[in-house]
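Data block below; observations after.
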Amino acid sequence: MKKLLFAAFLILQFTSQLSAQHLPNLNFEKLDTLKTGALGWVATLAGDMNHVSIDSSTVQSGINSIKLEGNLKDAVALYLYKLPANFLGDSIKLTGYIKTENLTQGWAGLYLQINGPNGTLAKENMSTMAVSGTNDWQEYSITLPLDLKSTEIVIGGLLNGKGIAWIDNFKLFIDGIPLAKITKVPVYKKFKPVQPFKSFLTLKNLNTQEVSNLALLAKVWGFLKYHHPAVASGEKDWDKSLFVQIDAIKSAKNIQERSNLLLAWIKSLGEVKPCDSCKDGNAFVKMNPDFAWMNDKRSVSPELIDQLNLIQRNRYRGTNHYVTMASAGNPDFSNEKIYTNADLSDDGVRMLGLFRYWNIIQYYYPYRYAIGQDWNKVLTEFIPKVSGSVDSVSYQLTMLQLISRINDSQANLISDKVINKQFGERNVSFASRLIGNKLVVSKFYIDSLARICPLHIGDVITRIDSSEVDDKIKVLAQYSCASTRSAVNRNIVAEILTGNTANVDITYEREGITATATIQRYPLKTIDYGVKELSDSRNIMFELMGPEVGYINLEQIDKNKVPEIFEKFRNTKGIIIDIRNQPKESVALTLSKHIKPYSTPFIRFTTFSLQKPGMFEEAATISSGEKNPDYYKGKVVILVNELTQGQAEYITMALQSGPNTTVIGSQTAGADGNVSTIILPGNLKTSFSGIGVYYPDGRETQRVGIIPDIEAKPTTEGLRAHRDEVLERAIQFIKTNQ
């Protein structure tokens, strides 16, 4: 399982690099310019002892085949080819020939993957009918369903384990017809975003009753979307249905009237047949759906309660039209309608955006229980806010506030520059950080600009134009999408000095003296304000810091160099691995092999239930390390801070499971796991962490982050002296064990 998960990661990493051809090179007859590989094909390898090559001596047909070799039981070798899904059909079949030799500790298979706009839609690798042992050429086939959102096909051959396999003579069929005979269409013509889009509804100046009515409508509309057979199957235009019902239900005078309207709407969808298979499984359940609202007699009539529970017990069990499961287990919402040119001044369009987002979080956010506030009350709070957002700018700012409420560092709102324009498209030449409650100049993005700036590193900023720093922090915190307080502060300092004016007046303190200076702002595109520029990591991949301490910077890591690095550091007392950054490559498993004597679990995932929306179940536990009596036995120190997020936290968790590992620094961003994307009306894109990530014993990471064993943070005095106090603390620990 571990090898296949790792191989899946490699496939995702490399498919974007494959070269699509108009005429598929399925027989490997056309070679690349170096004559070392088939034209358009790419090899991806997991493990050091494997190899892919062209073989002209062992073929099934033509002049070439592909030879896959693995010399270890955990070797994975793939040969992959990509082509556009520029055809219409219901299914795609891949056939090919496989020959094996001494494949005793593994298997070989064909590989077929279908991608859509937001990731993998389906894949098959013959793991259940794998070829092993020694076998002459034999033809095999695998088939997957196609749908309109297919954009790309990836085919190939796979070797998983120790032995040799040859692959040759691939063929593709669409609905049983050879690919060469299929009429091709442009991929983009398969997608039909709905253009210009209006509801012509008026939802302004809502009173308390109307807000309550709309809140219940939002919940019922979303519940039916994911549970009712006539809706979840995609039979109905559910967005349009909302617009048809919204005015009457909004205007209901009391609970009974609105319940009757909702009940009539539900019954118009048709009878719900009994579902004998709609029983919960026995899997470990991390989170159950929240159905308390639909059993609340204070807001729902007894008849409506009975009807909603009937639908829940006999919910739709087929493929949901609105949500599918991506290859990593996170939800995929790519079948939602894209209202590219939606009129965001239209009240109904804005309310649709709120209803869509709220229900996706209600049923498909793995950390709904950890939001920190009642998600039902958030809906009631934001209905009048969205109603009162009369234009695109105010609506997007309101939605950004809503998105920040889920407290997820991997959430944000991406639009056509509206947000950037609002917060400012110019910034100063220096970075700052919050030390305690003080905003301190921490570094300059470009050294030459430091010489012409009146401010120095270590200066404490107290006022920005006419605003006190504390007041600006409170305003920006409302829009900060972050899981932990450290990540909130990270986001705030990234925005606090931005603006649209060419200059900004800054009041600051230096050595007890207060002064004010006019500071130039530069267009965002002229200076790189990215994480790399904010990182405290040293500008080197690895180095010896004296005879006792080795240093590795994952921001510049090359996994192929890892064996060389550990050989160089073999006789040191300790190694510092700096992850106060965004790692260049995923090296969790590679590094773990060198610092652990055997394999141990380090992470556990939960994924949403396809059969019971709102429920999250345990999916997999992954281990790192392998049996290695020659592992590095010195101290291993991991450096982390608020820039440690996502993959960086994943790597930290893998290394943290080593016997001699100590984490030093400060709280991380607290957001890991594959990201799911939501598109809201107006082509507004947002995202969230789509799978749950936990330690093997169930401890939380979301909203907690990785808590260091030894806390160490920069100080104002340290910044002024240009010291890296966190790195110094790590060196001290290695040398003195204190």
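Numbering-wise, the sequence shown is residues -20 to -1, 1 to 718 according to mature numbering (1 follows the signal peptide of the UniProt record, and there is no 0).
Idealized CB from N, CA, C, for every residue including glycine.
Classification of residue i by the beta-carbon crowding that lies within 10 angstroms, buried from 16 upward
i, result
"Asp677", "exposed"
"Asn400", "exposed"
"Ile714", "buried"
"Val370", "exposed"
"Ser384", "buried"
"Gln647", "buried"
"Lys169", "Confidence is the limiting factor: at Lys169 the pLDDT is only 41, short of 50, which leaves the residue's position unreliable, though a coordinate-based value still follows. Lys169 is exposed by the Cβ-count criterion."
"Glu547", "exposed"
"Gly136", "buried"
"Tyr578", "exposed"
"Pro166", "Its pLDDT being 48, under 50, Pro166 is placed unreliably in this model, and the value from its coordinates should be taken loosely. Exposed, since its Cβ has fewer than 16 Cβ neighbours within 10 Å."
"Gln287", "buried"
"Gln292", "buried"
"Val303", "buried"
"Ala701", "exposed"
"Phe596", "buried"
"Phe8", "buried"
"Arg703", "exposed"
"Phe264", "exposed"
"Arg278", "exposed"
Coil, strand or helix - residue i by DSSP
i, result
"Arg560", "coil"
"Asn31", "As written in the sequence, residue 31 is His, which differs from the Asn given in the question. His31 falls in the strand class under three-state DSSP."
"Lys548", "helix"
"Pro209", "helix"
"Pro158", "strand"
"Ala600", "strand"
"Glu629", "helix"
"Leu186", "coil"
"Gln118", "strand"
"Ser112", "strand"
"Lys576", "coil"
"Leu590", "coil"
"Lys539", "helix"
"Gly653", "coil"
"Gly333", "helix"
"Asn663", "coil"
"Tyr319", "coil"
"Lys172", "The pLDDT assigned to Lys172 is 48, lower than 50, so where the model puts this residue is not dependable; a value taken from the coordinates is nonetheless given after this. In the structure shown, Lys172 sits in coil (DSSP, three-state: anything other than H, G, I, E or B)."
"Ala430", "helix"
"Ala495", "strand"
"Ala57", "strand"
"Ile532", "strand"
"Ser422", "strand"
"Ala462", "coil"
"Lys505", "helix"
For residue i, the residue or residues it bridges with in DSSP
i, result
"Ile133", "Leu63 and Ile94"
"Trp146", "Lys47 and Lys79"
"Gln85", "Lys142"
"Asp312", "Thr304"
"Glu104", "Leu92"
"Phe582", "Bridge partners of Phe582: none, in fact."
"Asp485", "Thr498"
"Val273", "The amino acid at residue 273 is misidentified as Val; the sequence shows Trp. In DSSP, Trp273 forms no bridge with anything."
"Gly479", "Arg406"
Cβ-Cβ separation, residue j to residue i (assumed contact under 8 angstroms), whole Å
i, j, result
"Asn140", "Val56", "5 angstroms"
"Lys573", "Glu606", "5 angstroms"
"Leu124", "Ile94", "6 angstroms"
"Asn294", "Cys258", "6 angstroms"
"Gly626", "Asp652", "6 angstroms"
"Gly214", "Lys142", "That pair is no contact at about 46 angstroms."
"Phe588", "Tyr344", "5 angstroms"
"Val706", "Asp516", "7 angstroms"
"Ile618", "Val673", "Contact flag wrong, Cβ pair sits at about 17 angstroms."
Close-in-space but distant-in-sequence residues of the same chain around residue i (CB under 6 angstroms, 5 per side omitted)
i, result
"Lys151", "Thr75"
"Asp689", "Thr642 and Val643"
"Asn654", "Ala308, Asn310, Gly670 and Ile671"
Cβ shell of residue i (< 8 angstroms), same chain only, five flanking positions each side left out
i, result
"Tyr120", "Thr75, Gly76, Tyr77, Ile78, Gly89, Leu90, Met106, Met109 and Val111"
"Ser711", "For the record, residue 711 in the displayed sequence is Ile; it is not Ser. Cβ neighbours of Ile711 beyond the five flanking positions: Met525, Val529 and Ile556."
"Ala457", "Val468 and Ile472"
Test: residue i CB closer than 8 angstroms to a CB of chain B
i, result
"Asp326", "Within the model displayed, chain B is absent; a lone protein chain is all it includes."
Near the ligand GTP: residue i beta-carbon under 7 angstroms from a heavy atom
i, result
"Ile690", "Annotation note on the ligand GTP: not contained in the displayed structure, which lists no ligands."
Cβ neighbours of residue i in the same chain (closer than 7 angstroms, five flanking residues each side left out)
i, result
"Ser422", "Ala411, Ser412, Arg413, Ile437 and Leu699"
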